[in-house]
Amino acid sequence: MGSISLKGKGRRWLLGGHPWIYADDIAAGTGEPGELIPVFDPNENPMGWGLFSTHSKISIRMVTRSAKQPAREFWMQRVERALSSRRRRGELDPAGACRLIHGDAEGLPGLVVDRYADVLVLQSGCQGSDRMRDFLLELILEALEIPVRAVLDRSDSSVRRLEALEPRTEWLRGEPQQEVIVREAGLEYVVSPEQGHKTGHYLDQRINRQRAADWVRGVKGARVLDAFAYDGLFGIRAALAGAEHVLCIEKSATACERIARNAERNGVSDKVEVVRADAMTELRRRSKAEERFHQVIVDPPAFARNRREVDGAARGYCELNLRAMHLLEPGGQLVSASCSYNIRTERFREFLSQAAFDSGRDVYLEDMAGAALDHPVLLTLPESGYLKCAFLRVE
Ligand SMILES: C[S@@+](CC[C@H](N)C(=O)[O-])C[C@H]1O[C@@H](n2cnc3c(N)ncnc32)[C@H](O)[C@@H]1O
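In the working numbering, the protein residues as written are 534 to 928.
See below:
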């Protein structure tokens, strides 16, 4: 079995609470790809156990600070802990969807498991989760009390390159399912586990969509613009809440088809217009044409995928939000999201303030939400809190 000992800097970093150890902080030792190994301080005192990576800059992802080697019971407790928080919040409704396991934040490094009705889609993002995949899946299936028809391993994210891992998509249980129907809080939608983004869907925005729709409920004749719409669920929820007209803008052709199908499935096709276009251009064009909306949602892909991209992203977020603000009726609501984890909440707020100033309007931050609670944020791992979703009133 491998093991590593830390430099003094690594020891101090670990005592600060963060569960990742960087290659530069290792004094000596090694392990096999993804191996669970003990970690020692510079004086060979035990500091816990973690999953080793031979390639990533993150060499160890700690799983415990205890000197005792984690065994089956330890991992089962981790799985149970994750499932019981979902159970307590009523997220295990068999027809619905939720994230069951949120990776490093839940002490199960690199592993994400999303549930779409009775289909599980997992993603493994590091050598440790690859090595433990089959073992952890057995534990999850044992602990989950709802039926599972099929399990897909959709490990095709680009982060795997940092770990020298190949992308892979393979069905591990049951028959391949090209589409799954999810029913959740008065809404029905189609998920394509193999073809859709991420594990097939953006589960993190579930609660924010409901919240945005609640605002529309109180507005007579509401016109809503859902930009970067993906499968259109912000907009379709708004239509179900009584919006008169919803415009969904999305550049992916398959996503546009899915918006149309979801609108039909929910009986709101007559209210939902789908435009396949670049959202930035379309927002500018409609603003010049003096179109106005009561609610505008902007939920773009991550503009900053790493630290080097933050400055460029700053310009992108300011410009996008400025255009969105121009399109709002006085008293309208802007729902503005950022999923770049390199941009912290305070920084995002600065972009919104800049856009507000440039727009010449009075803009009130009514709330800054995050992802749904099944994407928990571990306080000692700030990287786990990537999603910001601002609810703004634009006068
Ligand atoms: C974060 S997702 C949106 C998620 C969606 N709001 C939801 O609630 O599920 C971003 C979406 O923006 C789309 N997109 C990316 N660049 C775009 C662009 N320039 N114009 C329009 N859509 C774009 C992507 O295809 C993707 O569907």
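By construction, the Cβ of each residue, glycine as well, lies at the ideal position given by its N, Cα and C atoms.
At least 3 beta-carbon pairs within less than 8 Å: the segment 843 to 852 vs the segment 791 to 807: At 8 Å Cβ cutoff, the stretches do not touch.
Contact test: Ile-593 Cβ vs ligand 1 heavy atom, cutoff 8 Å: Numbered from its first residue, the sequence shown carries residue 593 at position 60. Taking non-hydrogen atoms of ligand 1 into account, the C-beta of Ile-593 is found less than 8 Å away from none of them.
His-827 Cβ short of 8 Å to ligand 1 heavy atom set: Numbered from 1 along the sequence shown, position 294 holds the residue referred to as residue 827. In this structure, ligand 1 has no non-hydrogen atom nearer than 8 Å to the beta-carbon of His-827.
Check whether Val-801 and Val-779 have beta carbons under 9 Å apart: Within the sequence shown, the letter at position 268 stands for residue 801. Within the sequence shown, the letter at position 246 stands for residue 779. Result yes, Cβ atoms of Val-801 and Val-779 sit closer than 9 Å.
Same chain, Cβ closer than 8 Å to Phe-585, neighbours up to 5 away in sequence not counted: Here residue 585 is taken as the residue at index 52 of the sequence shown, counted from 1. Once the five neighbours on either side are set aside, the close Cβ partners of Phe-585 are Gly-535, Ile-537, Thr-563, Gly-564, Glu-565, Pro-566, Gly-567, Glu-568, Leu-569, Ile-570, Ser-592, Ile-593, Gln-660 and Gly-661.
Secondary structure of Thr-587, DSSP reduced to three states: To locate residue 587, count along the sequence shown from 1; it is residue 54. In the displayed model, Thr-587 falls within coil according to three-state DSSP, outside both helix and strand.
Residue from Gly-865, Leu-925 and Leu-695 whose Cα sits closest to the Cα of Arg-825: The residue labelled residue 825 in the question sits at position 292 within the sequence shown. Considering only alpha carbons, the answer is Gly-865.
6 Å Cβ shell around Arg-598 - same chain, five flanking residues per side excluded: Against the sequence shown, residue 598 aligns to sequence position 65. In its chain, beyond the 5 residues on either side, Gly-581 have a beta carbon closer than 6 Å to the beta carbon of Arg-598.
Cβ neighbour criterion (16 or more within 10 Å) applied to Gln-610: Reading the sequence shown from its first residue, position 77 is the one you call residue 610. Exposed is the call here.
Residues bridged to Trp-546 (per DSSP): In the sequence shown, counting from the first residue as 1, residue 546 sits at position 13. Answer by DSSP bridge pairing: none, since Trp-546 is not bridged.
Exposed unless 16 or more other CB atoms sit within 10 angstroms - verdict on Tyr-897: Position 364 of the sequence shown holds residue 897. Around the Cβ of Tyr-897, a 10 Å sphere holds fewer than 16 other Cβ atoms; the residue is exposed.
Outcome for Pro-726 when other beta-carbon atoms lying within 10 angstroms are tallied against a minimum of 16: Against the sequence shown, residue 726 aligns to sequence position 193. When all chains shown are included, Pro-726 counts as buried.
Contact set for Ser-917: own chain, Cβ-Cβ below 6 Å, skip 5 residues either direction: Taking the sequence shown and counting its residues from 1, one reaches residue 917 at position 384. The beta carbon of Ser-917 sits closer than 6 Å to those of Ala-638, Val-910 and Leu-911, all from its chain and outside the five residues before and after it, given in chain order.
Tyr-897 CB to nearest heavy atom of ligand 1 below 8 Å: For this step, residue 897 is matched to residue 364 along the sequence shown. Every heavy atom of ligand 1 is 8 Å or more from the Cβ of Tyr-897, so no.
Bridge-paired residues (DSSP) for Val-868: In the sequence shown, residue 868 corresponds to position 335, counting from 1. Answer by DSSP bridge pairing, in chain order: Ile-830 and Phe-924.
Paired residues, beta bridge with Ala-837 - DSSP: Residue 837 sits at position 304 when you count from the first residue of the sequence shown. Per DSSP, none; premise fails for Ala-837.
Distance cut-off 8 Å: Phe-767 Cβ against heavy atoms of ligand 1: For the purposes of this step, residue 767 is identified with residue 234 of the sequence shown, where counting begins at 1. Annotation for Phe-767 indicates a beta carbon within 8 Å of some heavy atom of ligand 1.
Helix, strand or coil at Ala-793 [DSSP, three-state]: Walking along the sequence shown from the start, residue 793 turns up at place 260. Of the three classes helix, strand and coil, the one that applies to Ala-793 here is helix, per DSSP.
Terminal residues of the beta strand (DSSP E) in which Glu-717 lies: As a working note, residue 717 is residue 184 in the sequence shown. Unbroken beta strand (DSSP E) run through Glu-717: 713 to 717.
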